[in-house]
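Structure first, commentary second.
In the working numbering, the protein residues as written are 764 to 928.
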């Protein structure tokens, strides 16, 4: 084992981890003020930002985690948010369910830059995505695990709601 190397790296990073930890607590606290009482779980900054930005943009209210959607917009739309950043930002995370009366009415996709600032937001009607086959089965080791969605910047230009133009 190279315990000494691991401990040396940890010691070298200790101050940076304190700074990051403090910043994350502050960011989480600021976002919680806009979370409509919903508990922001885990350490998922990208997801928190996507949900809060989306609900603010559409003047909505966040809902409990047991729902299939993340917020209800002012027009009554049930919106599921998928937020991504980094090189592989175009492909969503897991979408557990695409059929049924409790499914969202809309899918919002939020792209963040490496600096966590908004690079683009798209919104799609759920039934339109389903009918056109845009939800794709995510297979892991030969077994269906969930569905995914992929943004196509050219094809989805009309669905981009922020920034416009």
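Where is the CB? At the ideal position from N, CA and C, for every residue including glycine.
Model, not experiment: these values are computed from the prediction.
Going along the chain, which unbroken runs of the beta strand (DSSP E) with 3 or more residues stay wholly within the segment 845 to 878?
869 to 875
Nearest neighbour of residue 912, chosen from 835, 869, 792 and 803 [CA to CA]
Locating residue 912 in the chain shown gives position 149, where the first residue counts as 1. For the residues 835, 869, 792 and 803, the minimum Cα distance to residue 912 belongs to 869.
Using DSSP with H/G/I as helix, E/B as strand and the rest coil, what is residue 785?
By 1-based counting over the chain shown, the position of residue 785 is 22. Helix.
Rounded C-alpha distance that separates residue 775 from residue 850
By one-based count along the chain shown, residue 775 stands at place 12. By one-based count along the chain shown, residue 850 stands at place 87. Approximately 28 angstroms between the Cα atoms of the pair.
Excluding sequence positions up to five away, which residues of its chain have a Cβ less than 6 angstroms from the Cβ of residue 813?
Position 50 of the chain shown, counted from the first residue, corresponds to residue 813. The answer, listed in chain order, is 844, 846 and 873.
Across which residues does DSSP place residue 881 in a beta bridge pair?
Here residue 881 refers to the residue found at position 118 of the chain shown. Note: residue 881 sits in a beta bridge opposite 875.
Taking contact to mean at least 3 C-beta pairs separated by less than 8 angstroms, is the segment 916 to 928 in contact with the segment 877 to 891?
yes
Nearest candidate by alpha-carbon position, reference residue 926, set 897, 876 and 883:
Along the chain shown, one-based indexing puts residue 926 at 163. Here the closest residue by C-alpha is 883.
Just to confirm before moving on: does the CB-CB distance between residue 791 and residue 828 stay below 9 angstroms?
Taking the chain shown and counting its residues from 1, the one referred to as residue 791 is at position 28. Taking the chain shown and counting its residues from 1, the one referred to as residue 828 is at position 65. Cβ atoms of residue 791 and residue 828: not closer than 9 angstroms.
Around the Cβ of residue 819, are there at least 16 other Cβ atoms within 10 angstroms (buried) or fewer (exposed)?
For the purposes of this step, residue 819 is taken as residue 56 along the chain shown, with counting starting at 1. Its Cβ having fewer than 16 others within 10 Å, residue 819 is exposed.
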